[in-house]
Structure formats: structure tokens, C-alpha cells
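Have a look at the structure below, then the notes.
Residue numbers (our numbering): -7 to 461.
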């Protein structure tokens, strides 16, 4: 099923909401929406449900120690540039069990044979299973760019993303195609398009980890869930031990005064009170196996995602975008000590998440994908690596054409034209293309991709090929 064109969808959603508010009043509109969801859920099966899960590795993941050349020639180049095992290179022998053998024969740059980091054995198994794929050298671009164009002073003719190598700006650029200060992200813009497919648009975009521009759309706003579900307003059941006082607080929070700001605040309060209880009741019905033994960190966030997905019918949704994040990847020092531990956490969390989604019978309905501030330098600074540009990423799900490697493998070098100094990769797959490939699987029409990925018309293809569309 293709979801509706963005502009038409936004107009219909606006008119529908305005009519509802005019007919029954702002306060009761939310109650009516919640009361009707049980009936609507019965009409909404799970066959057409789809979810995208962005796993953001904050700090800038070191892709060179995530996907490593294993063949002797390219491993020796990698090891030399990373100071050998005394520096930050991983031992070649440790890579033997995670060598990637594509299902269909692939010839990579310089005949490279690649291995995952030794701390990613579960993702290696998912690659072998055909549900995980690495996507090489992805990063922000405004248009295709060569090394000579990058070095040209004519930035009007050869534009490049603003404020490269800056954490805040590149996190924003990955999520929103603009540096810090952007107000809409491509996850939220996907949500704008998807809202018309959902009986309750409130739960289109779900954030488990603070604020992120990724889930902000023109119409869509992120609904926040924490480790214990939706945040409840304290004191409503009993304030100071008194149910009467709790009821009085509820009434006060919902009271609409004469000023427009008071009315808006009361509406927000009512929505928060009503929806938090509704969401938590729905999550409590999720199967016990969606509650992971490790309820902290990335695993805890993905546990919440699986619970929300299990509750999709109660929540009245058929399209959702999720955002989870894990920090710690800015490893200027102690790269070997810290990074492999971080990857091990990612490996375990993603594998358990996929297993749970599979038990829910939804493996074909979910695609998880990684993102990060940027890749990092191939050269090392003695104990770690510095900020880069392009990097390697993973996609995981039943709709992924896994068991293959996508994108052009960069040379293991600091002097070739696919890098811009110290082995900082010049991206060969734009974030727009990465996003568009996922968006088409999600159901966005090709003609609407520009709404989600504004630069996509400048690239030869909007589809990198890693999804079954």
C-alpha cells in the first residue's frame, strides 16, 4: 500500500481535526478519539503495518573498526594506517569468525574481503540469515561530489554540507539535512505522510530517548515514552493521600480560562493525562517476552519499541517511525577498549529486538537502520580516531535484501580520491538516498520522495537497492 501524498494528507488531517474540535469542543475531542480506538483497532489488521526504527549511534561511530578488511593485502594497509595491534588495529586472527561471505558473488574495491568487528557475532549471523546488510560510505551530500570538486573554492558550483565534522551540526544534518537549528527531520516528514494511514496520528512518531529533530515534521510531533512507558502526571490518583485532592488537581489542570494561552495549556494537559493512561494500558497488554531481561540502555529502548509495536492495534496505527539512541561513540582515546564494548551492546540489543519482532510475527513489518554523527578518520591519533564524514551502516529486517554488501567499498588509503584527508571518507551514498530507499519500503510514492529527502532529485537513483520494495 502506498501512503498518501504529503500535501494532500496534511490538508485532510487539518480539516478533520478542525471539524472534530468545532463539533464537540477541544476538551472532549481527545476523549472521543480514545474511546473510539477500540472499535477502530478491530478494523485495522497488522498485515499492512510497517515500522522504521532509527538507531542513532551518537558521537560518531568508528566505521573502520566496525567493518574491517580481512584479506591479507587490504588488512596490512588497514593495520599500518592504524598503528598495528599496538595502535588501534584489531588483530586479523580475531576477525576469522565474522568474515562476510555474500550470498551472491561480489567483487569489492581492490578485491577486498570484509569482516564485521569480532564483537558483532549476532549481526554476522543475521547477515548469513539474509536479514541484515551493511551499507557502505553513507553521509550527507547536497549533490554528487568528487574530491577535486570538494577542494574547489567555488562552493556555489560544488556545494557541500555546512559545518562538516561538527557533532551538533552533523547530527542535525543526518537527521534533518540542515545543521543545528533545523526544525523538521526526515523521520517526522515520513510521519507527516503516514499520518493519514493511522487512526490515531498521535502515535505515528515515537521517541524513547529525549529530544531529536529527526521525528519533528510539519504536522508530526514525537510522542515520548520512557523506561516505564508514557509519563504520567503525578498526584492524580491521590494527592497527599487524598483522592479528593487528586481529582481537584485533575480538574485544575484541565480548566480552560479566558486567555488563549490558558486554553492551549489546558488542552495539552488534558491530552497528556488522557493519552498517558491509554498508552500505558495498551503497553501492559504486550506479551511478556517483549520485556527484555536487560531493561537498560539500548536494549531497554528497543524493548519499549517492541511493546509499542505489539500494541499497534490498541493504539490504532499502521505506520510508525521510532528513534532510539546510544551514546559513547566519540572515541578520541581508548578506541580499542571502549568501542568494541559499545558494539557488543549494539549487537546484543539489535539481535534480541529482531528475535522478539520475529516472535510477534512482524519481521517483515519492521526495518531497523543505524545512523551516526559521521564516520571517523582511518588514521589514528595514538589512541583513537578523529571526526570524519562518510561511514558504514547496517539495515536489519525481514524486508531487507540481506546477505549482500551495498555501496562502493572505499580504498584502504589516505591518498585516494574517495577520501578528503586522513582517510575521512567522501560519501558515495547520500543520506537522501539512504532515506529514500527506506521511505519507498515504508510506502512513500517516488513522486513524494522530495518531501522527505529534499536533495534526492540531484542523484542518479533514489533507491540504493537494499530493501524489498
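Idealized CB from N, CA, C, for every residue including glycine.
Chain-order list of residues whose beta-carbon lies under 6 Å from that of residue i (same chain, five-residue window excluded)
{"i": "residue 328", "result": "80"}
{"i": "residue 450", "result": "135"}
{"i": "residue 477", "result": "Absent from the structure is residue 477, since the part of the chain shown begins at -7 and ends at 461."}
{"i": "residue 461", "result": "432 and 433"}
{"i": "residue 439", "result": "none"}
{"i": "residue 100", "result": "401"}
{"i": "residue 385", "result": "127, 130 and 362"}
{"i": "residue 341", "result": "290, 291 and 294"}
{"i": "residue 158", "result": "none"}
{"i": "residue 73", "result": "370 and 371"}
{"i": "residue 358", "result": "43, 349 and 389"}
{"i": "residue 322", "result": "51 and 52"}
Through-space distance from residue j to residue i, alpha-carbon basis
{"i": "residue 368", "j": "residue 205", "result": "23 Å"}
{"i": "residue 433", "j": "residue 456", "result": "12 Å"}
{"i": "residue 161", "j": "residue 379", "result": "12 Å"}
{"i": "residue 444", "j": "residue 427", "result": "8 Å"}
{"i": "residue 138", "j": "residue 418", "result": "8 Å"}
{"i": "residue 429", "j": "residue 454", "result": "6 Å"}
{"i": "residue 182", "j": "residue 448", "result": "15 Å"}
{"i": "residue 140", "j": "residue 409", "result": "8 Å"}
{"i": "residue 127", "j": "residue 248", "result": "52 Å"}
{"i": "residue 58", "j": "residue 333", "result": "12 Å"}
{"i": "residue 197", "j": "residue 188", "result": "13 Å"}
{"i": "residue 292", "j": "residue 186", "result": "26 Å"}
{"i": "residue 301", "j": "residue 152", "result": "38 Å"}
{"i": "residue 179", "j": "residue 372", "result": "34 Å"}
{"i": "residue 424", "j": "residue 41", "result": "24 Å"}
{"i": "residue 286", "j": "residue 56", "result": "28 Å"}
{"i": "residue 351", "j": "residue 441", "result": "32 Å"}
{"i": "residue 318", "j": "residue 311", "result": "24 Å"}
{"i": "residue 435", "j": "residue 97", "result": "30 Å"}
{"i": "residue 122", "j": "residue 154", "result": "37 Å"}
{"i": "residue 71", "j": "residue 414", "result": "14 Å"}
{"i": "residue 383", "j": "residue 43", "result": "24 Å"}
{"i": "residue 165", "j": "residue 313", "result": "18 Å"}
{"i": "residue 446", "j": "residue 176", "result": "12 Å"}
{"i": "residue 119", "j": "residue 387", "result": "10 Å"}
{"i": "residue 82", "j": "residue 76", "result": "8 Å"}
{"i": "residue 173", "j": "residue 132", "result": "16 Å"}
{"i": "residue 421", "j": "residue 354", "result": "29 Å"}
{"i": "residue 193", "j": "residue 253", "result": "24 Å"}
{"i": "residue 268", "j": "residue 366", "result": "35 Å"}
{"i": "residue 117", "j": "residue 339", "result": "11 Å"}
{"i": "residue 191", "j": "residue 149", "result": "46 Å"}
{"i": "residue 85", "j": "residue 171", "result": "41 Å"}
Contacts around residue i, its chain only, beta-carbon distance under 7 Å, and the 5 residues preceding and following it disregarded
{"i": "residue 348", "result": "281, 282 and 298"}
{"i": "residue 66", "result": "102, 104 and 404"}
{"i": "residue 87", "result": "60, 62, 107 and 110"}
{"i": "residue 221", "result": "271, 272 and 275"}
{"i": "residue 416", "result": "369, 380 and 381"}
{"i": "residue 303", "result": "274, 275, 277 and 278"}
{"i": "residue 391", "result": "356, 359, 433, 459 and 460"}
DSSP beta-bridge partners of residue i
{"i": "residue 359", "result": "44 and 389"}
{"i": "residue 336", "result": "The partner list for residue 336 (beta bridge, DSSP) is empty, contrary to what the question assumes."}
{"i": "residue 57", "result": "According to DSSP, which records beta bridges pairwise, residue 57 is partnered with nothing at all."}
{"i": "residue 465", "result": "Any question about residue 465 goes unanswered here, given that the chain covers just -7 to 461."}
{"i": "residue 422", "result": "131"}
{"i": "residue 331", "result": "None, per the DSSP bridge assignment."}
{"i": "residue 459", "result": "392"}
{"i": "residue 221", "result": "218"}
{"i": "residue 49", "result": "318 and 364"}
{"i": "residue 383", "result": "130"}
Contact set for residue i: own chain, Cβ-Cβ below 8 Å, skip 5 residues either direction
{"i": "residue 326", "result": "375 and 376"}
{"i": "residue 69", "result": "61, 404 and 405"}
{"i": "residue 316", "result": "45, 46, 47, 48, 200, 201, 290, 293, 294 and 297"}
Residue i CB to nearest heavy atom of the ligand ADP below 6 Å
{"i": "residue 117", "result": "Of ligands this structure carries none, so the ligand ADP is not represented either."}
Closer than 8 Å is the cut-off here; do at least three beta carbon pairs connect the stretch 211 to 219 with the stretch 195 to 203?
yes
Restricting to runs no shorter than 4 residues, where is the alpha helix (DSSP H) found entirely within the stretch 116 to 197?
139 to 143, 159 to 168 and 178 to 186
Taking three-plus beta-carbon pairs below 8 Å as touching, is the stretch 44 to 59 in contact with the stretch 354 to 371?
yes
List in chain order: all unbroken beta strand (DSSP E) runs of 3+ residues lying wholly within the stretch 273 to 327.
311 to 318
Every unbroken alpha helix (DSSP H) within the stretch 389 to 418, with a cutoff of 4 residues, ordered by chain:
none
Do the stretch 398 to 409 and the stretch 93 to 112 touch if we need at least three Cβ pairs shorter than 8 Å?
yes
So does the stretch 285 to 303 actually touch the stretch 334 to 347, counting three or more Cβ pairs closer than 8 Å?
yes
Evaluate the contact criterion for the stretch 90 to 101 versus the stretch 388 to 400: three or more CB pairs, one atom per stretch, below 8 Å.
yes
Inside the stretch 63 to 120 only - alpha helix (DSSP H) runs reaching at least 4 residues
64 to 73
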